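So the sequence lines, in the order shown, correspond to chains A and B.
All residue numbers for the first sequence refer to this note's numbering, where the first residue is 2 and numbers rise by one.
All residue numbers for the second sequence refer to this note's numbering, where the first residue is 2 and numbers rise by one.
What follows is a single structure, written as structure tokens, with notes after it.
Protein chains: 2
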Amino acid sequence: MIERVAELSGALEAERVRGRVVGLVPTMGALHDGHLSLVERSAAECDTTCITVFVNPLQFGPGEDLGAYPRALEDDLRRAAGAGAGLAFAPPVEEMYPGPVMTTVRVVPLADVLEGEHRPGHLDGVATVVAKLFAMAGRCRAYFGEKDWQQLVLVERMAADLSFPVEVVGCPIVRDLDGLALSSRNAYLAPDEREAAPVLFRALRAGMATVMAGEDDPAAVVDLVGSIITAEPLAQLDSVALVEPRTLAPATTVRGELRLLAAARFGRARLIDNLGLYGNAMMGT
Amino acid sequence: MIERVAELSGALEAERVRGRVVGLVPTMGALHDGHLSLVERSAAECDTTCITVFVNPLQFGPGEDLGAYPRALEDDLRRAAGAGAGLAFAPPVEEMYPGPVMTTVRVVPLADVLEGEHRPGHLDGVATVVAKLFAMAGRCRAYFGEKDWQQLVLVERMAADLSFPVEVVGCPIVRDLDGLALSSRNAYLAPDEREAAPVLFRALRAGMATVMAGEDDPAAVVDLVGSIITAEPLAQLDSVALVEPRTLAPATTVRGELRLLAAARFGRARLIDNLGLYGNAMMGT
């Protein structure tokens, strides 16, 4: 396991010098099968896969769950290696941020809408730490899950705007049998909350179904999804949005490629989920 | 000459694969002997030197001289090659910014003090374009002149904060015989303004001399420098500051390593200059 930035940077440069394509899988650890699907995809497409495990303080707000965020480094390393990661980078906080952080990478307006409204500063912290990982990694393919759709779009845009030689690869959401998107934060759910949580996915699917049935008013789709989540007593709705998938601008018509997103709290877990739609036809999940 | 980002990125990666150390000299063109001293230094220390020539729109404010900024690409390429640059990157604006720029790199408070107060957004534009050049260049040594001291300090900090595998190298100011720091903007000076402009350096040297003579009040040093510049009818003083060299915090005592900076307008040219001091002894220019 690599703990030092300079060591990671040198190790990946050495791989490229040997002609090998590097795959990077940035995570905050507490790996679930969603993360492992990223590692497997990278291992299938690249010569060397490096997983990074870092619970990034910059992307947690003052009242958020930085201290409680699940940590399981030994298990993570074993499972990542089993899925095909040849390298793991798990730096201590003081290696990533040896002093006060003066530099912030901001992607506007992508960092300020949707999750950015509910978690001020969160996506600045994401953009900054991912830029830092891309800077130290150098030329690579980088794998991110579609569950954090806004994060994926923001990272794609950041990488393009700053000319990182990094190909950002979005990978499908991995779900439990009842539809709940895998998330490290699912560990926070009490049994009754866990039972209630698939309402997020059910509501999004109902939104998709109404589009497939011909609904052409974006507000009606959003209202339907919101009403289904609100009807679940253990869910506290945060937001629902139907947006253009790359700019995240609210859809003004139900045409072409769109993304339908929702966020809700179940007890102390704040969960997010999303689906891709295409006009009146299903685009994929 | 390379015009495409991907080509630059690939060319420098290919150099490193061959085991060669890359030197990068970012410029806005209109090369003078100060720029050439950076190229020469890089050529002496690195295996391959790449100069970049790009007048970056992001770092010009609305009322500033983006349109008038001197451009002389053919001359620049010839002189850079003569000084030892093996590669030149001169991208068109639409290659660097193919669409609206959403991503900004901000270094706080370094971007907001001194020049940042007089040129809002300027140092965000600098940090963003240099991060972009570092991202595409990959592992290298990057050469910057000390004339733009705040820029040098900000770039050093940005590279460290974002973990770029880039060693930032600051190089001494190159001056005309009468002390005027070389600058592409000196071309804006009318003959009488050119004659008046060395007052900047004379004032800074007087500030240094009073420190060497025992002055221990930072405000007295700043006032002396300001009064000398103000006494020149063709100079319009913008700012004088005595600061801690890396944080740019105003000096509270005249102790240890310090930087004395001044900015003034001569006609339509806004010129800057600075000197290093050490407590009561000269540190270098």
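We treat Cβ as the ideally placed atom computed from N, Cα and C, and that holds for glycine.
Fair warning: this is a prediction, and the values are worked out from it, not measured in the lab.
task: Just tell me which of ALA198(A), PRO192(A), PRO246(A) and LEU262(A) has its CA closest to the CA of VAL223(A).
output: The shortest C-alpha separation from VAL223(A) is found at LEU262(A).
- prompt: DSSP on SER10(B), reduced to helix/strand/coil?
  reply: In the structure shown, SER10(B) falls within a helical segment according to DSSP collapsed to helix, strand and coil.
query: For MET284(B), which of helix, strand or coil comes out of DSSP?
result: Here MET284(B) scores only 48 on pLDDT, less than 50, and its place in the model is too uncertain to base an answer on.
query: Should MET29(B) go down as buried or exposed, given a rule of 16 or more other Cβ atoms within 10 Å for buried?
result: Buried, since its Cβ has 16 or more Cβ neighbours within 10 Å.
message: Give me the DSSP bridge partner(s) of ARG260(A).
response: Paired residues: VAL244(A) and GLY277(A).
query: For the 8 Å Cβ check, are there 3 or more pairs between the stretch 78 to 98 of chain A and the stretch 82 to 97 of chain B?
result: The stretch 78 to 98 of chain A makes no contact with the stretch 82 to 97 of chain B; the number of CB pairs closer than 8 Å stays below 3.
query: Quick check: the stretch 154 to 168 of chain A against the stretch 183 to 193 of chain A, are there 3 or more CB pairs under 8 Å?
result: No contact exists between the stretch 154 to 168 of chain A and the stretch 183 to 193 of chain A.
message: Can you tell me whether PHE1(A) is helix, strand or coil according to DSSP?
response: It is not possible to answer for residue 1(A), since the shown part of chain A is limited to 2 through 286.
message: So, at 7 Å on beta carbons, what are the nonlocal neighbours of ILE52(A) in its own chain, with the 5 sequence-adjacent residues on each side left out?
response: Here the set comprises VAL26, THR28, VAL40, ALA81, ALA86 and ALA89.
- request: Could you have a look at VAL198(A) and say whether DSSP puts it in helix, strand or coil?
  value: Sequence inspection shows Ala at residue 198(A); the Val mentioned does not correspond to that position. When secondary structure is reduced to three states using DSSP, ALA198(A) falls in the coil class, being assigned neither helix nor strand.
message: Check for me: the alpha helix (DSSP H) holding GLY83(B) runs from which residue to which?
response: GLY83(B) -> alpha helix (DSSP H) spans 74 to 84.
task: Could you spell out where the alpha helix (DSSP H) holding LEU37(A) opens and where it closes?
output: Boundaries of the alpha helix (DSSP H) around LEU37(A): 34 to 46.
query: Does DSSP put ILE52(B) in a helix, in a strand, or in coil?
result: Strand at ILE52(B).
query: Once you ignore the five residues that flank ALA138(B) on each side, which residues in its own chain have a CB closer than 6 Å to its CB?
result: Closer than 6 Å at Cβ, skipping near neighbours: LEU13 and LEU25.
CB of SER38(B) within 8 Å of CB of VAL170(B), strictly: Contact flag unset, no.
message: On the criterion of 16 or more Cβ atoms from any shown chain inside 10 Å, does VAL154(B) qualify as buried, or is it exposed?
response: With 16 or more other Cβ atoms within 10 Å, it is buried.
query: Which one of ASP76(B), LEU276(B), GLY68(B) and GLU168(B) has the shortest CA to CA distance from ARG206(B)?
result: By alpha-carbon distance to ARG206(B), the top candidate from ASP76(B), LEU276(B), GLY68(B) and GLU168(B) is LEU276(B).
message: Please identify the residue among ASP179(A), THR253(A), MET209(A) and SER184(A) whose C-alpha is closest to the C-alpha of ALA197(A).
response: Residue ASP179(A) is the option with its Cα nearest to ALA197(A).
- prompt: Three-state secondary structure (DSSP) at PHE90(B)?
  reply: Reduced to three states, the DSSP call for PHE90(B) is strand.
field: Residues bridged to TYR144(B) [DSSP beta-bridge criterion]
entry: Answer is VAL170(B).
Contact the stretch 100 to 107 of chain B vs the stretch 72 to 79 of chain B: 3+ CB pairs below 8 Å: Contact between the stretch 100 to 107 of chain B and the stretch 72 to 79 of chain B is absent, because fewer than three Cβ pairs lie under 8 Å.
query: How long is the line joining the alpha carbons of ALA128(B) and GLY146(B), rounded to whole angstroms?
result: Between the alpha carbons of ALA128(B) and GLY146(B) lies a gap of roughly 15 Å.
- prompt: Cα separation between VAL18(B) and THR253(B)?
  reply: Near 49 Å, if we compare the C-alpha coordinates of THR253(B) and VAL18(B).
message: Is it buried or exposed, MET2(A), if we count other Cβ atoms within 10 angstroms and call 16 or more buried?
response: With fewer than 16 other Cβ atoms within 10 Å, it is exposed.
- prompt: For chain B, is any of its Cβ atoms less than 8 Å away from the one on MET284(A)?
  reply: Since pLDDT at MET284(A) reaches only 48, below the 50 mark, its modelled position is unreliable, and no value is offered.
- prompt: By a C-beta neighbour count over all protein chains shown, 10 Å radius and 16 as the cutoff for buried, is GLY100(A) buried or exposed?
  reply: Flag for GLY100(A) reads exposed.
query: SER240(B) and HIS123(B): beta carbons closer than 8 Å?
result: Cβ atoms of SER240(B) and HIS123(B): not closer than 8 Å.
task: Going by DSSP, name the residue or residues bridged to ARG271(A).
output: Per DSSP, the beta bridge partners of ARG271(A) are ARG266(A).
query: Looking at the unbroken beta strand (DSSP E) that takes in LEU25(B), where does it start and where does it end?
result: 23 to 28 is the extent of the beta strand (DSSP E) around LEU25(B).
query: What in chain A is Cβ-close to LYS148(B), meaning under 8 Å?
result: In chain order: nothing, as chain A lies at least about 22 Å away.
- prompt: Per DSSP, what kind of secondary structure is ALA207(B) in: helix, strand or coil?
  reply: When DSSP states are grouped into helix, strand and coil, ALA207(B) belongs to the helix group.
Under 7 Å from the C-beta of VAL6(A): neighbouring residues of chain B: In chain order: SER164.
query: When Cβ atoms are compared, which residues of the stretch 83 to 113 of chain A fall closer than 7 Å to chain B?
result: Residues of the stretch 83 to 113 of chain A with a C-beta atom less than 7 Å from some C-beta of chain B are VAL102, MET103, THR104, THR105, VAL106, ARG107, VAL108, VAL109 and LEU111, listed in chain order.
THR211(B) versus ALA132(B): straight-line alpha-carbon distance, rounded: Approximately 39 Å, taken between the alpha carbons.
message: One question on the structure: do LEU238(B) and ALA265(B) come within less than 8 Å of each other, judged by their Cβ atoms?
response: LEU238(B) is a Cβ neighbour of ALA265(B), given a cutoff of 8 Å.
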